[in-house]
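Chemist: Residues 29 to 365 in this note's numbering are what the sequence shown lists, from first letter to last.
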Amino acid sequence: MNVIDTKYIEVEDTDGPTTSLVKIKYTEITGEKDGPKLFVIAGIHGDELTGVEVIRQLIKYFSKKDITGKLTLVPVANPIAFAARQRCTIQDNKDLNRYFPGNPKGTITEKIAYEITEKIIKPNDYGIDLHTGPKGRMLLPHTRIVSDESNKIKALSKLFGTLISMTREPLENTLAISAKAVKTHTIAVELGEGERLDNYFIKAGFFGVLNIAKYLGILDGRAYVLKDQYILNERNNIVSKCTGLFYPRIAIGDVVHKGQQIAEIYDPQKDMIENITAEKSGIVLALQTDAVAVMGTTIISTLTLANCGLNSVSLIQKKCVIYHTKNPRDLLLNIWE
29 MNVIDTKYIE
39 VEDTDGPTTS
49 LVKIKYTEIT
59 GEKDGPKLFV
69 IAGIHGDELT
79 GVEVIRQLIK
89 YFSKKDITGK
99 LTLVPVANPI
109 AFAARQRCTI
119 QDNKDLNRYF
129 PGNPKGTITE
139 KIAYEITEKI
149 IKPNDYGIDL
159 HTGPKGRMLL
169 PHTRIVSDES
179 NKIKALSKLF
189 GTLISMTREP
199 LENTLAISAK
209 AVKTHTIAVE
219 LGEGERLDNY
229 FIKAGFFGVL
239 NIAKYLGILD
249 GRAYVLKDQY
259 ILNERNNIVS
269 KCTGLFYPRI
279 AIGDVVHKGQ
289 QIAEIYDPQK
299 DMIENITAEK
309 SGIVLALQTD
319 AVAVMGTTII
329 STLTLANCGL
339 NSVSLIQKKC
349 VIYHTKNPRD
359 LLLNIWE
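1) I'd like to know whether the C-beta atoms of Gly-310 and Asp-295 end up nearer to each other than 8 Å.
2) The alpha helix (DSSP H) that contains Gly-236, what's its start and end?
3) Considering only C-alpha positions, which residue in the set Lys-93, Arg-224, Phe-234 and Gln-257 is nearest to Arg-84?
4) Can you check whether the CB of Leu-247 is closer than 8 Å to the CB of Ile-350?
5) Can you tell me whether DSSP reads Asn-125 as helix, strand or coil?
6) Would you report the Cα separation of Ile-32 and Arg-263, rounded to the nearest angstrom?
7) Could you tell me the boundaries of the beta strand (DSSP E) in which Lys-186 lies?
8) What number of angstroms, rounded off, separates the C-alpha of Arg-196 from the C-alpha of Val-283?
9) Can you say whether Ser-185 is buried or exposed, counting buried as having 16 or more other CB atoms within 10 angstroms of its CB?
10) Please confirm whether Gly-161 and Glu-218 have their CB atoms less than 8 Å apart.
11) By the three-class DSSP mapping on this structure, what secondary structure does Ile-136 have?
12) Just to confirm before moving on: does the CB-CB distance between Ile-259 and Ser-342 stay below 8 Å?
13) Taking only the alpha-carbon atoms, compute the straight-line gap between Gly-281 and Asp-226 and give it to the nearest angstrom.
14) With a 10 Å radius around its C-beta and 16 neighbouring C-beta atoms as the bar for buried, classify Asn-131 as buried or exposed.
15) Going by C-alpha to C-alpha distance, which of Asp-75, Ile-136 and Ile-148 sits closest to Lys-35?
16) Can you give me the start and stop residues for the beta strand (DSSP E) that Ile-37 sits inside?
17) Within its chain, find whatever has a CB closer than 6 Å to the CB of Lys-53; leave out the 5 residues flanking it on each side and keep chain order.
18) Check Leu-338 in the structure and name its three-state DSSP category.
19) Using 10 angstroms around the beta-carbon of Ile-344, count the other beta-carbons present and answer buried if the total reaches 16, otherwise exposed.
20) Does the count of Cβ pairs from the region 288 to 306 and the region 240 to 257 closer than 8 Å reach three?
21) Would you kindly report the start and end of the unbroken alpha helix (DSSP H) that includes Ile-205?
22) Excluding five sequence neighbours on each side, which residues of the same chain lie with their C-beta closer than 8 Å to the C-beta of Val-320?
23) Rounding to the nearest angstrom, what Cα-Cα distance links Val-174 and Met-300 in this structure?
24) Starting from Glu-302, trace the beta strand (DSSP E) both ways and give me its first and last residue.
25) Run the CB neighbour count on Gln-316, radius 10 Å, all protein chains shown included, and call it buried at 16 or more, exposed below.
26) By the 10 Å Cβ neighbour count, where 16 or more other Cβ atoms means buried, how is Ala-204 classified, buried or exposed?
27) Determine the burial state of Pro-129: buried for a count of at least 16 other Cβ atoms within 10 Å of its Cβ, exposed for fewer.
28) Have a look at Val-80, Asn-201, Gly-245 and Lys-163 and flag the residue whose alpha-carbon is nearest the alpha-carbon of Leu-101.
29) Roughly how far, in whole angstroms, is the beta-carbon of Val-50 from the beta-carbon of Asp-43, given that I think they are within contact range, below 8 Å?
30) What are the start and end residues of the alpha helix (DSSP H) that includes Val-82?
31) For Asp-62, tell me which candidate among Glu-138, Lys-269 and Leu-244 has the shortest Cα-Cα distance.
32) Would you kindly work out how many angstroms separate the C-alpha atoms of His-159 and Val-68, rounded to a whole number?
33) To the nearest angstrom, how far is it from the Cα of Lys-93 to the Cα of Pro-103?
Spelled out as structure tokens, the structure:
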């Protein structure tokens, strides 16, 4: 039988007019047998809700399963920002994901980062940091890694089940990069849109965590893995040239070709239509969900295919079922139907 413990990280907030105590709730699920230790964390940004729901479902699911090793599940890493529905902590206006590994004598955000590092990151072998796009901007599910990532992190990226992984320059004070310093192999994942719950993105996050847990041996079963995960790094932001009603003609994950029409914008002041075409061939990474496009703002982002690479990390074949498909939705059917 698993041992299930509900615990709290307590952080003293001295930034306000009075001292108060911030409590960060988390759940530890420990199996009878020793094994890998994995944390899953969400709510680093208070307006990102998908991961919070993913972890709610994970706690319910794993409470009924026998596991090996240990799971640490943190639904809301920054309860102050969550209560305010803000990306940043309202007391010091700091982004928690820019202050790891934290400072025990710093501002409230720095203290939270320090306690999460000590209580959540350091005791674990692996980690998954769940994020979303901002409100009004939907992101294709994808992992984020750096170009010289270790094979263990590349394996986590592929196992999560997204079609693409996006490379970026390392931001030293993000949770995922900071975790490297203490040898906790951690990936960051983007799932959908802020301040919104969408069942597809919730399922994608739930599936990804289960897949990794199976491969690591925490949970019985084999991981379902896409044959290919594409690594892309060249982002192309398409900007509106007028303000008006926004009519996208594509969806996230669609492959578009240079010159293809991808949206229309109706300018009511001029009673004119602006046709938006793809400047380069690529896959749609992000899409504005607001109905009004504002002149000079990004409405669609694509990742160009010209410099596309493959995640060539070798996985242990007996732990995986390989799917020869380019549609991650096919993988989700193994969990949900």
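For glycine and all other residues, C-beta sits at the position ideal for the given N, C-alpha and C.
Modeler: With the given structure in hand:
1) The count along the sequence shown starts at 1 and reaches residue 310 at position 282. The count along the sequence shown starts at 1 and reaches residue 295 at position 267. Contact: no.
2) Your numbering for residue 236 matches position 208 in the sequence shown. Per DSSP, Gly-236 belongs to the alpha helix (DSSP H) from 227 to 244.
3) Walking along the sequence shown from the start, residue 84 turns up at place 56. The candidate whose alpha carbon is nearest that of Arg-84 is Phe-234.
4) Mapped onto the sequence shown, residue 350 falls at position 322. Mapped onto the sequence shown, residue 247 falls at position 219. Their beta carbons are not under 8 Å apart, which means Ile-350 does not touch Leu-247 by this criterion.
5) In the sequence shown, residue 125 corresponds to position 97, counting from 1. In the structure shown, Asn-125 sits in a helix (DSSP, three-state: H, G or I).
6) Here residue 32 refers to the residue found at position 4 of the sequence shown. Here residue 263 refers to the residue found at position 235 of the sequence shown. Their Cα atoms are separated by approximately 43 Å.
7) The sequence position of residue 186 within the sequence shown is 158, counting from 1. Careful: Lys-186 lies outside any beta strand (DSSP E), inside the alpha helix (DSSP H) at 179 to 187.
8) Locating residue 196 in the sequence shown gives position 168, counting from the first residue. Locating residue 283 in the sequence shown gives position 255, counting from the first residue. One C-alpha to the other measures close to 21 Å.
9) Here residue 185 refers to the residue found at position 157 of the sequence shown. The residue is buried, with at least 16 neighbouring Cβ atoms inside 10 Å.
10) The sequence position of residue 161 within the sequence shown is 133, counting from 1. The sequence position of residue 218 within the sequence shown is 190, counting from 1. Yes; because the gap between Cβ atoms is below 8 Å, this pair is in contact.
11) In the sequence shown, residue 136 corresponds to position 108, counting from 1. Ile-136: helix per DSSP, three-state reduction.
12) Within the sequence shown, the letter at position 231 stands for residue 259. Within the sequence shown, the letter at position 314 stands for residue 342. Going by C-beta atoms, Ile-259 is not nearer than 8 Å to Ser-342.
13) The sequence position of residue 281 within the sequence shown is 253, counting from 1. The sequence position of residue 226 within the sequence shown is 198, counting from 1. If I take the Cα positions, the gap works out to 16 Å.
14) Your numbering for residue 131 matches position 103 in the sequence shown. So Asn-131 ends up on the exposed side.
15) Working through the sequence shown from its first residue, we reach residue 35 at position 7. Closest option to Lys-35, Cα to Cα, is Ile-148.
16) For the purposes of this step, residue 37 is identified with residue 9 of the sequence shown, where counting begins at 1. From DSSP, the beta strand (DSSP E) with Ile-37 extends over 31 to 41.
17) Translated into the one-based positions of the sequence shown, residue 53 becomes position 25. Hits under 6 Å: Tyr-36.
18) Translated into the one-based positions of the sequence shown, residue 338 becomes position 310. Strand.
19) Counting from 1 along the sequence shown, the entry for residue 344 is found at position 316. That one is exposed.
20) no
21) If you number the sequence shown from 1, residue 205 lands on position 177. Residues 203 to 208.
22) The residue labelled residue 320 in the question sits at position 292 within the sequence shown. Same-chain partners within the cutoff: Thr-271, Gly-272, Leu-273 and Phe-274.
23) Counting from one through the sequence shown, the residue named residue 174 turns up at place 146. Counting from one through the sequence shown, the residue named residue 300 turns up at place 272. Approximately 43 Å, taken between the alpha carbons.
24) Within the sequence shown, numbered from 1, the residue matching residue 302 stands at position 274. It spans 300 to 305 - the beta strand (DSSP E) in which Glu-302 sits, taken as one unbroken run.
25) As a first step, residue 316 is located in the sequence shown; it is residue number 288 there, counting from the start. That one is buried.
26) Looking up residue 204 in the sequence shown gives position 176. Classification for Ala-204: buried.
27) Walking along the sequence shown from the start, residue 129 turns up at place 101. Answer is buried; the Cβ neighbour count reaches 16.
28) By 1-based counting over the sequence shown, the position of residue 101 is 73. The option with the nearest alpha carbon to Leu-101 is Val-80.
29) On the sequence shown, position 22 is the one that residue 50 refers to. On the sequence shown, position 15 is the one that residue 43 refers to. No, Val-50 and Asp-43 are not in contact; Cβ-Cβ is about 10 Å, not under 8 Å.
30) On the sequence shown, residue 82 is found 54 positions in, with the first residue counted as 1. Val-82 -> alpha helix (DSSP H) spans 78 to 90.
31) In the sequence shown, the residue the question calls residue 62 occupies position 34. Taking only the C-alpha atoms, the option nearest Asp-62 is Leu-244.
32) The sequence position of residue 159 within the sequence shown is 131, counting from 1. The sequence position of residue 68 within the sequence shown is 40, counting from 1. Answer to the nearest angstrom: the Cα atoms are 11 Å apart.
33) Indexing the sequence shown from 1 puts residue 93 at position 65. Indexing the sequence shown from 1 puts residue 103 at position 75. One C-alpha to the other measures close to 19 Å.
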